[in-house]
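The structure under discussion appears below in the form of structure tokens.
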Amino acid sequence: MKRKFKYYSKNKKLSFSLSLILFVSLMIILFSIFMQIRIFEIKREQNQAVYGAWNAAVYDISETSESKIVSNQMIRSIGNMNIVGDVMEDTEYKGSIGYVDKGFLEMSNISMKAGHMPENKNEIAIEAYVLDLLGIDYELDQKVNLGIHMNDSVIHREYVLSGVINNYSSSWTTDGTLASFFIFPSEDTIISKNLFLITKEGYIDSINEIQIDDDIVMNAYVEFTYDPFSDQNIPFTLLGIFTVCYSILLIAYVFIHWANQHTKEIQILKSLGTDNKMLVKDFTSLLFKSICLPLCVYLIICIVLSINIWVSLISLMVYLFSLSMIVLICYIYISSVSINVNSFSSQKTIIKKTIKVRYKNQTPFSLFVRSFRFHHKRELLRISISVVLLTLLYHSLTLQIHEQYQLNEIYTQPDIQIAGKNVTAFKCEVVDDNGDRVIGYRTKQQDISDQLDVLLSNQSIENYYSSNLNYDVAVTWPEIEQSFLWNKKGMKNHLMHFMNYDWQNQKCLFPNIYSTKQTEYLKFLKDNIDDGEFNEEAFLKGKEIYIYLPEYTTENLFDTQNTAYVSTDPNTFYDLNKVVQEDTIKVGTKLTLRTEDGFQKEAKVGGIIRHVFEEYDPSLNNETPYTVFVSPTFFDSKGQVNQLYLYLDKNIQQEPTEAFYASICAKNDLSFFNNAQNKRIQQETIQNNMVLNSVILTIVIAIVLFTQYILFRKKNADVKDKIKIYHQLGIDKSILHKIKLYEILIESLIIISISFGLFVFIQYFDYLQAPSLMYPFTNRFSQEYWSWPLYFLVTLAFLTLYVLSILKTGDE
């Protein structure tokens, strides 16, 4: 009976090492797949909560189109929204009123801030932001009087507020009218009907095949398919790719290390007639034997976690195909082992005096180079593994830092904005496109400084910003007629529609006039001035002012020729001939500021901000090319306030506080804007991502520790053999320590350089997906976007493990 050739497959130690590596790598790939699918599901659930679960909608649908959709067998469910009129307040449109059916409520995922949907004919539920616009607080069961425009007539009705709806209409994809006022189904004439559809599983593409005259609007936020290379999944796809590369390198390292220790045995087998194919076939048998247990565990976990069978199988096939690289490496290495004619010699060590002398006379660096060249395959593999791990560690940390940065950006957004009511300040003449003079109006916001004590009395406020932003102050200077604003080029680009006027027979500009009592204001001016110097004393006394004059374009980027467009974003600088910067205002130019009530004051320009600054106050707008910064007491000694931004305590329930401020603003006739709900949704999304990224980072750290342990064990055996040889050559121990020092310095430098270069390449590839001229690639490495101490600590920790694995080897 012919016995099967076994050499590698009989070695239990090698089999255990390969099984352990294969098990770890398969579990990481499984985790990567599971996280991608889980994130896909979480993202879909979050989108459905914000944008609705419907797949498509038809706005203002005709009866013919409705009958075709209702009879379509690919449609699973239909929701109806019936619009019966428009709510008006002093001829100003405030929203549409209508009623919906149960199907719509189920697929819309509309949530209530307070109360419930109408249950009888005298009840009404209204979106929160519409209540803010109407100046109505969130108190339930109060009477609401509405003027409803129905069929060319206005009907006044009184309802009881049964519920306050969280804002939804501003987020939805729409091509028509959405209801903001919800009433109980009535017999009122329906002026338009909207149909919302959900298709049967797998039939979403059939919607486009429905032949109707009306336009079908797709809900793109829930109609996305699983894509491993999408922005949300690319981190986990990279994790899977790195894992495959890591597995190949680590298995190759273990095999080559083991084969080097048994080179003489392989030479003997080849001398006895064993060919390369038999050895490679035996190693392949060992590889498949080692993967049996990890493979079984992989399949069991896939079944338990209900992972899609096709995703599991495709990922597994890619992984098994990648293992063929190991077989190829094995074949190349075994082929390189030559048949040694002295294989049967009993002489193990031949030391000659000349060899001793030659090695004794060499420097530690040259000995290190000789050792590296002799073991270059194993050393390069070890360095490659370390590079892959350190790059993966950098990338995992980057994901966490980016999410934290976005979370911090969200925290800078106010929860509540309160402002004085807009009132018409005065009228003036405006020059239109044809050169004709027409009447224009300037508005201003009322002062709310008298209400600040009441507005800031709530204990739930964590922080606030108050400022005064005016649009009704006319500014003139000696060279204003030479400005771009007043030449033919400026007129052609529609800039004159909202920036320059003839008022009281004098050409003037109405820029933003900004002031605040916040302590950060003076520091902001001092840090951002490009031309001139900040003089605090002159500024506070009103003798000097500072002005924001960035480059901007007046390119008309819209289809309509009646729309003016001004942008300071370099991404919109498509035509450099249309990029301008105000050059008639310089440091030292005297500006005259006038108001409609007769106030007039002259002040010198002390400095100019030309770069696009980072906003520190929500009321600042760096997209406006003309902003004048004045002291808080420039216009009067009191210091007016017309903008208030509130930041609520994140650790408390915020809904009662929102209701409190809605009530205060309604009673005091103030404008109220509630951003708390949208802010909470964004925070929850990012915090979920941060939890997932933390799990990834933890797993990567575990991989690093596991790998360093494997490398330590293998290198320890190498160093013991090396020390024995050096001892036989008469080399002193101090030389060995110097060799280790060279090894640490040179290999650490190589690992850090390659890892950081690869990391930068990955970041640049990510940047190319959405390049920005305003935030170039170099900004990714600025202090605002990155936490350099963390990268330094991660590198230091990794190198510490690497150094310890070198220093501790051979010490036993």
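Position 336 of the sequence shown, counting from 1, maps to 1701 under the numbering used here, and the rest follow consecutively. All C-beta atoms in this analysis are idealised placements derived from N, C-alpha and C, irrespective of residue type, glycine included. Computed from a prediction, not measured in an experiment: that's the story for all the values here.
Ile-1973 is the residue among Gly-2004, Leu-1746, Ser-2002 and Ile-1973 whose C-alpha sits nearest the C-alpha of Tyr-1991. Our two residues, Val-1609 and Val-1389, have alpha carbons roughly 11 Å apart in a direct line.
Within 10 angstroms of the beta-carbon of Ile-1398 lie 16 or more other beta-carbons, which makes it buried. Under the DSSP assignment, Thr-1763 falls in the alpha helix (DSSP H) whose first and last residues are 1741-1776. Closest by C-alpha distance to Ile-1894, out of Ala-1422, Ile-1674, Phe-1994 and Gln-1727, is Phe-1994.
Shown here, Val-1495 sits in a helix according to DSSP, grouped into three states. Nearest neighbour of Gln-2052 by Cα position, chosen from Glu-2112, Phe-1686, Ile-1750 and Gln-1771, turns out to be Gln-1771. Pairing Ile-1491 with Ser-1430 gives a Cβ-Cβ distance that is not under 8 Å.
In the structure shown, Ile-2046 adopts helical secondary structure according to DSSP, grouped into three states. Within the DSSP secondary-structure output, Val-1582 pairs in a beta bridge with Ala-1422. Segment contact: the segment 1810-1823 against the segment 1841-1851, fewer than three CB-CB distances shorter than 8 Å; contact not assigned.
In this structure, the beta-carbon distance from Asn-1559 to Tyr-1424 falls below 8 Å. Around the CB of Glu-1488, 16 or more other CB atoms lie within 10 Å, so the residue is classed as buried. In the displayed model, Phe-2025 falls within a helix according to three-state DSSP.
Of the other Cβ atoms in all chains shown, fewer than 16 fall within 10 Å of the Cβ of Met-1682; this residue is therefore exposed. If you look at Leu-2009, you'll find it in the beta strand (DSSP E) that goes 2008-2013. A straight line joining the alpha-carbon of Gly-2122 with that of Ile-1694 spans about 26 Å.
Met-2055 sits in a helix when the DSSP states are folded into three classes. Counting only the Cα atoms, Leu-1383 lies some 22 Å from Cys-1667.
For the pair Ala-2027 and Leu-1496, the CB atoms are nearer than the 8 Å cut-off. Between Gly-1528 and the set Gln-1727, Ser-1677 and Lys-1478, the nearest pair of CA atoms involves Lys-1478. Secondary structure of Gln-1727 (DSSP, three-state): coil.
Around the beta carbon of Glu-1574, a 10 Å sphere encloses fewer than 16 other beta carbons of the protein chains shown; the residue is thus reported as exposed. When secondary structure is reduced to three states using DSSP, Met-1515 falls in the strand class. In the displayed model, Ile-1407 falls within a helix according to three-state DSSP. His-1521 is bridged by DSSP to Gly-1512. Distances from the CA of Ile-1910 to each of Asn-2043, Leu-1956 and Leu-2057 were compared; the closest alpha carbon is that of Leu-1956. In the DSSP annotation of this structure, the continuous segment of the alpha helix (DSSP H) that includes Leu-1678 starts and ends at 1674-1701. In terms of CA proximity to Ile-1548, Gly-1463 leads the group Ile-1581, Gly-1463 and Ile-1631.
Within 10 angstroms of the beta-carbon of Asp-1451 lie 16 or more other beta-carbons, which makes it buried.
Distance from the CA atom of Phe-1381 to the CA atom of Ile-1766, rounded to whole angstroms, is 38 Å. Gln-1632: not part of any beta strand (DSSP E); member of the alpha helix (DSSP H) spanning 1628-1636, first to last residue. The beta carbons of Asn-2058 and Leu-1764 sit closer together than 8 Å. Within the same chain, Leu-1746, Ser-1749, Ile-1750 and Val-1753 come within 7 Å of Leu-1614 by CB-CB distance, once the 5 residues on both sides are set aside. In the structure shown, the three-state DSSP call for Ser-1476 is coil.
For Glu-1967, DSSP records a beta bridge to Thr-1957.
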